[in-house]
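**Student:**
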Amino acid sequence: MTSDSLPNRGLPAQKRRRLPELMRFGKSTPLTAQEQLDGLARESRVYIPRIERRLGQYRGSQLAEDVWQNALLKIAKRMDQDGEPIANVHAYMYRVCDSCAADELRRIASRSEDLFGDDPSALEEWENVRLHRSDVYYADIKPELDSLLTEMEHRALYLIEVAGFTSTMAAELMDVSPSSARKALRRARDKIRGHRPRIGQDA
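So the sequence shown is numbered by our numbering: it starts at 134 and just counts up by one.
1. So which of Pro276, Ala296, Glu284, Thr165 has the shortest CA-CA distance to Asp215?
2. In whole angstroms, what is the alpha-carbon distance linking Asp308 and Leu318?
3. Helix, strand or coil: which one does DSSP assign to Arg263?
4. One question on the structure: do Arg183 and Tyr227 come within less than 8 Å of each other, judged by their Cβ atoms?
5. Taking the alpha carbon of Arg315 as the reference point, which residue from Ile219, Ala272, His328, Leu292 has its own alpha carbon closest?
6. Whose C-beta lies closer than 8 Å to the C-beta of Lys324 among residues of the same chain, with five residues either side of it excluded?
7. Compare the C-alpha of Arg199 against each of Gln167, Cys230, Arg326 and name the closest.
8. Buried or exposed for Gln169, please, with buried defined as at least 16 other CB atoms from any protein chain shown within 10 angstroms of its CB.
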C-alpha cells in the first residue's frame, strides 16, 4: 500500500507531507551485505551442529570448525562479487555449509586413497610430524616403515598418529572396526620400539 492510496482528506498539510515517512515507521531497514556477513559470523552455534551432522563420524572434531570457516569464506566471496545482500541469507548459508561438509568428506577420502602412492607430495604436509614418544620424524623413516609394517599397520599409524585422526575416523577410512584400527596401531608402535636402535639411522 502506498501513501497515494491512503485516504488523506482531513489530514493537516504537515502530516500529508510526512505520510511516506510515517508509513515506514516500525519497519526495519534491509541489511547490507557486510551486515549480513557479520551476523553470520556471530551465529556459528546455529550452523556448526548441522555441519557436524553432515560430517557423521567426524562430528566433534576440529573439522567442523574448519568447514564453518570455509563456508564463511564462500559466502564472503559471493557477496564481494555481487556487492548485494542475499535474499534469504540463512537458507543460503545452510546450503553452503552442506556443500562444504560434503567437499571435506570427499577430500578426506581422496587423501586416504593417495596416502601410500608413489607421489612424494603426499608427505609434504606431515614431514615434520614426530612419531609417538620419540624424536623420529615420520617422513624420514617412511621408506623403512614400508618394509617393517603391514599395510594396515602403516595406515593406522599414519592416520591416527601422524595425521591426527581419531581411531573411529581412521577405522572408517580403513574400512575396519575402531578396535581393529587401535590394535594395528599398537602393533605398529611395538615394531617401531623393537627396531628403534636401527630405525632412521640412514635417513
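Think of the CB as a built atom: it goes at the ideal place given N, C-alpha and C, for glycine as much as any other residue.
**Tutor:** Looking at the coordinates:
1. Thr165
2. Between Asp308 and Leu318, the C-alpha separation is close to 15 Å.
3. strand
4. yes
5. When each option's Cα is compared against that of Arg315, the closest is Leu292.
6. Leu281, Leu282, Glu286
7. The identity of residue 199 in the sequence shown is Asp, whereas the question assumes Arg. When each option's Cα is compared against that of Asp199, the closest is Cys230.
8. buried
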